[in-house]
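One line per chain: the protein sequences are A and B, in this order. According to numbering that gives the first Met the number 0, the first sequence holds residues 0 to 173 in order. According to numbering that gives the first Met the number 0, the second sequence holds residues 0 to 277 in order.
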Amino acid sequence: MITGYHLLVCLFLIIFQTTMMAGVPAYLYDLLGPFMVYLGVHRRPREAIPILALAGLAMDGISGGVFGVHLTAYLWIYVGVRWAIQFLHVGNVILLPLLVTAGVAFESLVVAFSAVVLASSTWPVGSMLSVVSGQVLWGALTGPFLMLFFIRGQRVVDRARTSVLTEKDTLRTH
Amino acid sequence: MFSKRMILVAVVIVLIAVNIILLTITSKHSQTPSGLGRGALVVVSPFQKQFNNFVQSVKGIWNQYFYLVFTAKENQRLKKALAKSMRQLNRCAESELANDRLRHLLGFEEEVPWPMIAARVVGKDPSPWSKTVIVDKGTEDGVRQGAPVVIPEGIAGVVVEASHRYAKVLLLIDPNSAVDALVQQTRARGIVKGGGADYCVFNYVLRKHEIGVGDTVVSSGLDGVFPKGLRVGRIAEIVRLNAGIFQKVSVTPYVDFEILEEVFIISKPAFESLPEEP
Numbered sequence: 000m001i002t003g004y005h006l007l008v009c010l011f012l013i014i015f016q017t018t019m020m021a022g023v024p025a026y027l028y029d030l031l032g033p034f035m036v037y038l039g040v041h042r043r044p045r046e047a048i049p050i051l052a053l054a055g056l057a058m059d060g061i062s063g064g065v066f067g068v069h070l071t072a073y074l075w076i077y078v079g080v081r082w083a084i085q086f087l088h089v090g091n092v093i094l095l096p097l098l099v100t101a102g103v104a105f106e107s108l109v110v111a112f113s114a115v116v117l118a119s120s121t122w123p124v125g126s127m128l129s130v131v132s133g134q135v136l137w138g139a140l141t142g143p144f145l146m147l148f149f150i151r152g153q154r155v156v157d158r159a160r161t162s163v164l165t166e167k168d169t170l171r172t173h
Numbered sequence: 000m001f002s003k004r005m006i007l008v009a010v011v012i013v014l015i016a017v018n019i020i021l022l023t024i025t026s027k028h029s030q031t032p033s034g035l036g037r038g039a040l041v042v043v044s045p046f047q048k049q050f051n052n053f054v055q056s057v058k059g060i061w062n063q064y065f066y067l068v069f070t071a072k073e074n075q076r077l078k079k080a081l082a083k084s085m086r087q088l089n090r091c092a093e094s095e096l097a098n099d100r101l102r103h104l105l106g107f108e109e110e111v112p113w114p115m116i117a118a119r120v121v122g123k124d125p126s127p128w129s130k131t132v133i134v135d136k137g138t139e140d141g142v143r144q145g146a147p148v149v150i151p152e153g154i155a156g157v158v159v160e161a162s163h164r165y166a167k168v169l170l171l172i173d174p175n176s177a178v179d180a181l182v183q184q185t186r187a188r189g190i191v192k193g194g195g196a197d198y199c200v201f202n203y204v205l206r207k208h209e210i211g212v213g214d215t216v217v218s219s220g221l222d223g224v225f226p227k228g229l230r231v232g233r234i235a236e237i238v239r240l241n242a243g244i245f246q247k248v249s250v251t252p253y254v255d256f257e258i259l260e261e262v263f264i265i266s267k268p269a270f271e272s273l274p275e276e277p
């Protein structure tokens, strides 16, 4: 059930940002970045890695950038967050937004780096600073709210799952 | 002499007669005799008035309430009707615009001698670092990798990846795209590359060539991808450096990539469509 929820969120975010947000300015960041932070905080590797791999491959398939850059970014965000939560109390009001911002900043930098340095025909380095700073700023402002939505959605799914299981148990005992 | 019974009957008859006479007399006058009527008015009317007011207000509340309920219902109905009309109007406007665009495209298709596949843009790359779009035609429809993508205004890009039903198009403004081009007026040759934003750079144009701002740049057909003569853009800026053999030229594409909705994919390879030598 929770895997279905994660897949649905990924699908929605990908479709949303490739169709609805197609005309928005360049500094809008990849919305899957905060989702990867959420996976890192709340999901174990065996649940999260297939999801992030699918999301990364989908984004790389859609994007015209260097293939594998999104997958790489998602994977390292996940690893970084798993490492960070060992000593960070992520329930904290300041630390969680900070973690989301760091995730968005990391992804933005990785994608920008791939475009400016790795791509066959590279972008001017000067454009990197303005785009990345805009994305980080937007990520810092809106990313934590997205994260809250993901957490709330997870709670709803968990509750639904629990009630279904309880109902099943009740039917079995009767 | 007279019995009691007879006297009673006589009194009753007299009373009836007097009554009839009085009625006859009063019926001749419009005003009530003496102040009896006025006294009644003074006493009763205030009560009547208050009662009437009360009844009217109750009636008013009753009527208004039902009227408001009715109005609210009517309002809802009208809002729904308006929304429906607005949707229809919007659909009509969209159809009209689509019709115009498709007519424009159809005219272009008739003008262009190469076989083309019409496709619709269904998605855009969200990353600011790559300028690609996804179109709803793929290998099943005859789209192949490397096929040029055009619209009536000019070159839009090139197909870089094609699945069965969809294809990814690298837009002209992406830094990874390049078109061998020449200036229509002077025939100065160079390579148009994407600038990342909404412009392109025209590289390798020799300093000796006289070109001007506003000149049209067209594809040369020498890259083996784009057929000759397709419009690319117009020259927006020229910087002639003191050193070096090339000029720095920037080109504004004719295609507005922000509003790209339908495109044509040229299905025949460009080198096949080059004019044959006599």
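Here a beta-carbon is modelled for each residue, glycine too, at the ideal position from N, C-alpha and C.
Check your understanding: Exposed or buried, what is F65 of chain B when buried is set at 16 or more other beta-carbons lying within 10 Å of its beta-carbon?
Key -> Counting the other CB atoms within 10 Å of its CB gives F65 of chain B a total below 16, which places it among the exposed residues.
Practice item. Could you name the residues of chain B that I224 of chain A contacts, counting a contact when the two beta carbons are closer than 7 Å? Key: The structure shown does not extend to residue 224 of chain A, since chain A spans only 0 to 173, so no value can be given for it.
Check your understanding: Regarding M5 of chain B and the ligand NAD, is the C-beta to nearest heavy atom distance less than 6 Å?
Key -> Among the ligands in the structure shown, none appear at all, so the ligand NAD cannot be discussed.
Practice item. Could you tell me which chain B residues have their CB closer than 8 Å to the CB of G64 of chain A, listed as they occur along the chain? Key: Listed along chain B are D124, S126, W128 and S129, each with a C-beta nearer than 8 Å to that of G64 of chain A.
Review point. From A83 of chain A to L98 of chain A, what distance separates their C-alpha atoms?
Key: Computed Cα separation, rounded: 8 Å.
Check your understanding: Does the beta carbon of Q16 of chain A come closer than 7 Å to any beta carbon on chain B?
Key -> Taking Cβ atoms only, chain B reaches closer than 7 Å to Q16 of chain A, which makes this a yes.
Check your understanding: Is there a Cβ from chain B that is less than 7 Å from the Cβ of A52 of chain A?
Key -> For A52 of chain A, the closest Cβ of chain B is not nearer than 7 Å.
Practice item. Please check if any C-beta of chain A sits within less than 7 Å of the C-beta of L181 of chain B. Key: Interface annotation, L181 of chain B: not in contact with chain A, CB-CB separation never under 7 Å.
Point to revise | Between the CA atoms of I258 of chain B and G63 of chain A - distance to the nearest angstrom | key: Inter-residue distance for G63 of chain A and I258 of chain B is about 19 Å (C-alpha atoms, whole angstroms).
Check your understanding: Are any of the Cβ atoms in chain A nearer than 7 Å to that of L169 of chain B?
Key -> Yes, L169 of chain B counts as interfacial toward chain A.
Review point. Based on Cα-Cα distance, which residue from B:F256, B:I12, B:L67 and B:V231 lies nearest to V191 of chain B?
Key: When only C-alpha atoms are compared, the closest one is B:V231.
Review point. Can a CB atom of chain B be found closer than 7 Å to the CB of V116 of chain A?
Key: No - not a single Cβ of chain B is within 7 Å of the one on V116 of chain A.
Review point. Between the stretch 198-210 of chain B and the stretch 240-248 of chain B, are three or more C-beta pairs nearer than 8 Å?
Key: Contact check between the stretch 198-210 of chain B and the stretch 240-248 of chain B: three or more CB pairs, one atom from each, fall below 8 Å, which counts as touching.
**Study point:** Local Cβ density within 10 Å of G36 of chain B, reported as buried at 16 or more and exposed below that
**Key:** Note that G36 of chain B scores a pLDDT of 49, beneath 50, so its modelled location is shaky and nothing firm can be said.
Check your understanding: Should H69 of chain A be labelled buried (16 or more other beta-carbon atoms within 10 Å of its own) or exposed?
Key -> When all chains shown are included, H69 of chain A counts as buried.
Check your understanding: With a cut-off of 7 Å, does the C-beta of T251 of chain B fall near any C-beta of chain A?
Key -> With 7 Å as the cut-off, T251 of chain B does not count as an interface residue toward chain A.
Check your understanding: With burial defined as no fewer than 16 other Cβ atoms inside 10 Å of the residue's Cβ, what is the status of P226 of chain B: buried or exposed?
Key -> With at least 16 other beta carbons inside 10 angstroms of its own, P226 of chain B counts as buried.
Practice item. In angstroms with no decimal places, state the Cα-to-Cα distance between Y4 of chain A and G59 of chain B. Key: Here the C-alpha atom of Y4 of chain A lies approximately 56 Å from the C-alpha atom of G59 of chain B.
Exercise for review: In angstroms with no decimal places, state the Cα-to-Cα distance between L108 of chain A and V142 of chain B.
Suggested key: So the alpha carbons of these two residues sit roughly 34 Å apart.
Point to revise | Those residues which DSSP pairs with L205 of chain B across a bridge | key: Paired residue(s): B:F245.
Review point. Does the beta-carbon of G125 of chain A have 16 or more other beta-carbons within 10 angstroms, so that it is buried, or is it exposed?
Key: Answer is exposed; the Cβ neighbour count stays below 16.
Exercise for review: Check whether the Cβ atoms of I133 of chain B and G145 of chain B sit closer than 7 Å, and answer yes or no.
Suggested key: No; because the gap between Cβ atoms is not below 7 Å, this pair is not in contact.
**Study point:** Every unbroken alpha helix (DSSP H) within the stretch 29-115 of chain A, with a cutoff of 4 residues, ordered by chain
**Key:** 31-41, 44-61, 68-83 and 94-112, all fully within the stretch 29-115 of chain A.
**Study point:** Extent of the continuous alpha helix (DSSP H) to which F256 of chain B belongs
**Key:** It is not in any alpha helix (DSSP H) - F256 of chain B carries neither H nor E in the DSSP assignment.
Exercise for review: Measure the Cβ-Cβ separation of R119 of chain B and D99 of chain B and say whether it is below 7 Å.
Suggested key: Contact annotation: R119 of chain B and D99 of chain B have beta-carbon atoms that are not nearer than 7 Å.
Exercise for review: Going by CA-CA distance only, name the one from A:F149, A:I14, A:P143 and A:R154 that's closest to N181 of chain A.
Suggested key: Absent from the structure is residue 181 of chain A, since the part of chain A shown begins at 0 and ends at 173.
Review point. Would a check of beta-carbon distances place E260 of chain B closer than 7 Å to chain A?
Key: For E260 of chain B, the answer is no, since every Cβ of chain A falls outside 7 Å of its Cβ.
Exercise for review: Answer yes if the stretch 25-34 of chain A comes into contact with the stretch 12-20 of chain B, meaning at least three C-beta pairs across the two stretches below 8 Å, and no otherwise.
Suggested key: Because the criterion of three Cβ pairs below 8 Å is not met, the stretch 12-20 of chain B and the stretch 25-34 of chain A do not touch.
Review point. Considering only residues of the stretch 112-171 of chain B, which uninterrupted beta strand (DSSP E) runs meet the minimum length of 3 residues and lie entirely inside it, listed in chain order?
Key: The DSSP assignment places complete beta strand (DSSP E) segments of no fewer than 3 residues inside the stretch 112-171 of chain B at 115-123, 131-134, 147-150, 153-161 and 166-170, in order along the chain.
Review point. Who are the neighbours of A111 of chain A on chain B, taking C-beta pairs under 8 Å?
Key: For A111 of chain A, the C-beta contacts it makes with chain B under 8 Å involve W128, in order along the chain.
Check your understanding: In three-state DSSP terms, what is E261 of chain B?
Key -> E261 of chain B falls in the strand class under three-state DSSP.
Exercise for review: State yes or no: is the C-beta of S218 of chain B within less than 7 Å of the C-beta of A180 of chain B?
Suggested key: Their beta carbons are under 7 Å apart, which means S218 of chain B touches A180 of chain B by this criterion.
Check your understanding: Any C-beta of chain B sitting closer than 7 Å to the C-beta of V40 of chain A?
Key -> Chain B contact via Cβ: absent.
Point to revise | Integer-rounded CB distance, given that D214 of chain B should sit under 8 Å from R233 of chain B | key: A Cβ-Cβ separation of about 7 Å places R233 of chain B in contact with D214 of chain B under the 8 Å criterion.
Review point. Given a threshold of 16 other Cβ atoms within 10 Å of its Cβ, counted over all protein chains shown, does L95 of chain A qualify as buried or as exposed?
Key: Flag for L95 of chain A reads buried.
Review point. Which of the residues in the stretch 225-255 of chain B, read from start to end, lie with their CB under 9 Å from any CB of chain A?
Key: Those would be none; no residue qualifies.
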